[in-house]
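What follows is one structure encoded as C-alpha cells, with my remarks underneath.
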Amino acid sequence: MTSRVYVLAQFKPKEGKEDELFEILKALEPDSYREEGCIQYMLTRQISHPSATNNEYPIVFNEIWENAEAWSAHGRRKQIQHFFETQVQAETGLVADVIVTAYTDEGHH
1 MTSRVYVLAQ FKPKEGKEDE LFEILKALEP DSYREEGCIQ YMLTRQISHP SATNNEYPIV
61 FNEIWENAEA WSAHGRRKQI QHFFETQVQA ETGLVADVIV TAYTDEGHH
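Read in order, the letters of the sequence shown correspond to residues 1 to 109 in UniProt numbering.
This is the structure:
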C-alpha cells in the first residue's frame, strides 16, 4: 500500500479535432516526466476491442504520482494551466469536455 495517486484525465475533443488535440497533449509529456513525484504520465488513445466499451473520451492521460502533493504541484504548473485556459475554457479550444478522476491503491480500513 502506498500514498500514490493514480489519475485518469479523459478528453473529449471537438468534432474533427482528435488528432490535433492528441499532438498538443503529447507535447506535455516530456516536461511532466521531469517533475518531482511523477512516476507515469502516459498519453493513450482508445481502441476498439471486444472486451471494451467505447466512450466519447478517446484520449486519456494515465498518470501515477508519488503522492497527492506531487499531483497538486503538477496542476499548478504554468504549462498545464495554460493548456486548460486555451484548450478547455476558451471558446476556440479543441476540448469539448474533460473528466479527471483520481484513485488510490489502498483498501478501506
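Backbone N, C-alpha and C define an ideal beta-carbon position, used for all residues, glycine too.
Cβ-Cβ distance between Val-60 and Thr-86 below 9 Å: no
Ile-64 classed as buried or exposed, judged by whether at least 16 other C-beta atoms fall within 10 angstroms: buried
Simplified DSSP assignment, three categories, for Arg-4: coil
His-82 classed as buried or exposed, judged by whether at least 16 other C-beta atoms fall within 10 angstroms: With fewer than 16 other Cβ atoms inside 10 Å of its own Cβ, His-82 counts as exposed.
Arg-4 versus Lys-26: straight-line alpha-carbon distance, rounded: 23 Å
Length of the line joining the Cα atoms of His-49 and Pro-58: 13 Å
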